[in-house]
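Sequential numbering of the sequence shown, starting at 377, is according to the numbering used here.
Even for Gly, the Cβ is constructed at its ideal location relative to N, Cα and C.
Since the model is a prediction, treat every value here as computed from it, not as a measurement.
Comments concern the structure below.
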Amino acid sequence: MSIRRTADAPLRARNTFGIDAAAGLLVETDDADDLPALFADEFAASAPLVLGGGSNLLIVEGPQLALALGTRTIRTLDVHDDRAIVRADAGVEWHRLVMWSLEQGYAGLENLALIPGTVGAAPIQNIGAYGVEVGERIHAVDAFERATGVFHRFDPAQCAFAYRDSMFKRETDRYLIVAVEFDLPTARSIGAAGLKIDYAGIREAMGIASDVCDGYAARDVAQAVIRLRRSKLPDPAVTGNAGSFFKNPIVPLAQAETLSAEHPSMPVFRADDDATRKLSAAWLIDACGWKGRRLAEGSGDAGVSERHALVLVNHGAASGAELLALARAIAADVRARFGVMIEPEPRIVGARW
Ligand SMILES: Cc1cc2nc3c(=O)[nH]c(=O)nc-3n(C[C@H](O)[C@H](O)[C@H](O)COP(=O)(O)OP(=O)(O)OC[C@H]3O[C@@H](n4cnc5c(N)ncnc54)[C@H](O)[C@@H]3O)c2cc1C
Numbered sequence: 377m378s379i380r381r382t383a384d385a386p387l388r389a390r391n392t393f394g395i396d397a398a399a400g401l402l403v404e405t406d407d408a409d410d411l412p413a414l415f416a417d418e419f420a421a422s423a424p425l426v427l428g429g430g431s432n433l434l435i436v437e438g439p440q441l442a443l444a445l446g447t448r449t450i451r452t453l454d455v456h457d458d459r460a461i462v463r464a465d466a467g468v469e470w471h472r473l474v475m476w477s478l479e480q481g482y483a484g485l486e487n488l489a490l491i492p493g494t495v496g497a498a499p500i501q502n503i504g505a506y507g508v509e510v511g512e513r514i515h516a517v518d519a520f521e522r523a524t525g526v527f528h529r530f531d532p533a534q535c536a537f538a539y540r541d542s543m544f545k546r547e548t549d550r551y552l553i554v555a556v557e558f559d560l561p562t563a564r565s566i567g568a569a570g571l572k573i574d575y576a577g578i579r580e581a582m583g584i585a586s587d588v589c590d591g592y593a594a595r596d597v598a599q600a601v602i603r604l605r606r607s608k609l610p611d612p613a614v615t616g617n618a619g620s621f622f623k624n625p626i627v628p629l630a631q632a633e634t635l636s637a638e639h640p641s642m643p644v645f646r647a648d649d650d651a652t653r654k655l656s657a658a659w660l661i662d663a664c665g666w667k668g669r670r671l672a673e674g675s676g677d678a679g680v681s682e683r684h685a686l687v688l689v690n691h692g693a694a695s696g697a698e699l700l701a702l703a704r705a706i707a708a709d710v711r712a713r714f715g716v717m718i719e720p721e722p723r724i725v726g727a728r729w
């Protein structure tokens with residue numbers, strides 16, 4: 377039987393914030409072919425929250441209905457001209473896919489090692505880290521349209537990937553991603569020169585002092601990224617968190633220049649076009665004095681990581697409502713001090729931002 381149903385399903389272990397919430401009914405299936413019947417019947421009246429690894433969720437109130445895909449196959453579809461097309465089911469753990477592809481001798485995903493969550497959620501916010509976004513490696517996304525019951529196949533242009541964004545995120549809950557195909561160079565063809573190591577300390581973590589990185593492979597980059605991530609980010613298994621809570625804000629060029637003149641140490645990055653600039657949400661939050669602080673109200677367990685100003689943490693018994701109140705207080709301070717709006721990256725379940 378590929379479908380399992382659990383009433384009053386506890387979600388504490390299914391969200392990396394470790395928030396104590398429950399779903400009225402959790403439906404799990406290991407077969408994407410079950411979806412048309414489920415949506416035509418059981419989910420016709422009330423739409424379920426699709427749950428991956430729960431690493432990009434802030435649950436303020438548990439959903440009535442939740443759906444999880446337990447599909448877990450990865451396979452190589454084709455290898456030609458030193459490129460491999462790899463297909464992974466939505467339910468595959470993301471980091472497992474990264475390590476599997478490296479074991480097969482494929483490169484391209486190494487900078488995205490150790491990002492929590494599932495393959496199915498990766499295209500939603502176009503996961504990115506250490507200079508690479510997953511959209512750059514995607515060949516196609518297979519998705520089920522919930523309202524019509526039709527399966528579609530999207531190429532990368534149709535997915536409209538952008539910084540922490542995609543067509544799937546903009547059209548929230550229209551599609552359920554069932555599988556993703558990746559176009560990966562073979563590690564042999566990419567060579568050391570094709571590795572992306574000039575970003576946020578990778579070169580240093582690999583111990584490469586000169587410009588030459590001959591002899592290094594995609595696996596070495598993955599190991600360096602894993603070490604860096606472990607040293608910088610709190611482990612959700614120990615301290616509940618959802619990674620970066622706020623997106624880096626994108627502001628008009630003129631505003632970035634004014635702020636930069638007032639705050640010379642403020643980092644300013646290029647954005648997708650010349651008329652805008654990306655600011656560091658971490659710097660803005662730190663400058664407002666939030667790093668390491670806790671929300672005074674409630675349990676006192678909703679706080680900001682001491683290691684990283686962008687990471688909100690649950691020190692134990694914080695509720696989703698407390699973490700949301702903390703996030704709102706931080707955003708209000710940043711707005712009052714710098715005139716910049718910062719937006720949450722995780723999906724907020726059961727409340728509005
Ligand atoms: C410690 C830590 C570090 C992180 N680092 C990074 C990072 O470096 N870069 C980065 O980009 N993100 C990062 N994240 C955020 C998170 O890991 C990613 O957003 C991840 O892709 C979420 O996957 P998930 O399976 O946990 O999704 P969930 O949190 O379960 O769901 C997220 C959203 O996707 C939807 N969804 C899930 N699966 C599907 C599907 N199959 N079809 C349609 N919709 C679906 C959900 O309904 C929800 O809206 C980090 C999180 C943590 C906890």
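Residue i by DSSP, collapsed to three states: which one?
i: Asn487; result: helix
i: Ala620; result: Rather than Ala, the amino acid found at residue 620 in this sequence is Ser. Of the three classes helix, strand and coil, the one that applies to Ser620 here is strand, per DSSP.
i: Ala705; result: helix
i: His456; result: strand
i: Arg380; result: strand
i: Val597; result: helix
i: Ala444; result: strand
i: His471; result: helix
i: Pro532; result: helix
i: Glu512; result: helix
i: Val710; result: helix
i: Cys609; result: Per the sequence shown, residue 609 should be read as Leu rather than Cys. Coil.
i: Asp361; result: Examination of residue 361 is not possible in this model, given that the chain is present from 377 through 729 alone.
i: Ala685; result: coil
i: Gly504; result: strand
i: Ala538; result: strand
i: Lys545; result: helix
i: Ala464; result: strand
i: Arg646; result: strand
i: Ala497; result: coil
i: Leu700; result: helix
i: Phe527; result: strand
Do residue j and residue i come within 8 angstroms of each other at the CB atom, strictly closer than that value?
i: Val680; j: Arg669; result: yes
i: Gly481; j: Arg564; result: yes
i: Ile553; j: Pro610; result: no
i: Thr392; j: Ala632; result: no
i: Cys664; j: Arg713; result: yes
i: Val426; j: Leu443; result: yes
i: Val462; j: Phe558; result: yes
i: Arg459; j: Leu560; result: yes
i: Lys608; j: Val508; result: no
i: Ile584; j: Val601; result: no
i: Gly525; j: Phe645; result: no
i: Tyr539; j: Ala568; result: no
i: Ala598; j: Lys623; result: no
Tell me which residues share the same chain as residue i and place their Cβ nearer than 8 angstroms to its Cβ, disregarding the 5 neighbours each side in the sequence.
i: Arg388; result: Gly394, Ile395, Asp396, Ala397
i: Pro492; result: Thr392, Gly429, Ser431, Trp470, His471, Pro612, Gly619
i: Gly570; result: Ala483, Pro561
Quick one: what's got a C-beta closer than 7 angstroms to residue i's C-beta in the same chain, skipping five residues either side?
i: Gly467; result: Leu445, Gly446, Thr447, Arg448, Thr494, Gly496
i: Ser378; result: Thr405, Asp406, Asp407, Asp410
i: Ala647; result: Ile626, Arg653, Lys654
i: Pro722; result: Asn432, Leu433, Leu434, Ala618, Phe621
For residue i, which beta-bridge partners are listed by DSSP?
i: Arg603; result: According to DSSP, which records beta bridges pairwise, Arg603 is partnered with nothing at all.
i: Asn690; result: Gly616, Ala678
i: Leu425; result: Ala442
i: Tyr482; result: Thr562
i: Ile553; result: Ala519
i: Gly400; result: Gly400 is not bridged to any residue.
Return no unless some Cβ of chain C is closer than 8 angstroms to the Cβ of residue i.
i: Ala657; result: You won't find chain C in this structure, because it holds only one protein chain.
Which residue wins for smallest C-alpha separation from residue i, given the options the options?
i: Met475; options: Ala489, Pro628, Asp465; result: Ala489
i: Lys654; options: Ala637, Ile626, Glu638; result: Ile626
i: Ala555; options: Ser641, Leu635, His528, Arg522; result: His528
i: Arg605; options: Asn487, Ala423, Leu411; result: Asn487
i: Leu434; options: Leu700, Leu485, Ala707; result: Leu700
i: Asp650; options: Ala707, Leu629, Ser656; result: Leu629
i: Thr634; options: Ala505, Ala697, Thr652, Asp541; result: Thr652
i: Gly400; options: Glu437, Ile706, Ala413; result: Glu437
i: Asp384; options: Phe419, Glu418, Asp409, Pro439; result: Pro439
i: Leu411; options: Val689, Gln599, Tyr551; result: Tyr551
i: Ala694; options: Thr548, Gly616, Asp465; result: Gly616
i: Thr405; options: Thr382, Asp596, Ala523, Asp518; result: Thr382
i: His684; options: Ile514, Asp549, Lys667, Arg723; result: Lys667
i: Ile661; options: Met543, Gly726, Val716; result: Val716
i: Gly674; options: Ala420, Ser656, Leu702; result: Leu702
i: Val510; options: Val517, Asn502, Ala516; result: Asn502
i: Ala594; options: Leu485, Leu671, Arg522, Glu682; result: Leu485
i: Gly692; options: Gly676, Glu479, Ser641; result: Gly676
So, at 6 angstroms on beta carbons, what are the nonlocal neighbours of residue i in its own chain, with the 5 sequence-adjacent residues on each side left out?
i: Asp709; result: Cys664
i: Ile566; result: Ala483
i: Leu402; result: Thr382, Ala385, Ala442
i: Leu453; result: Ile461, Arg463
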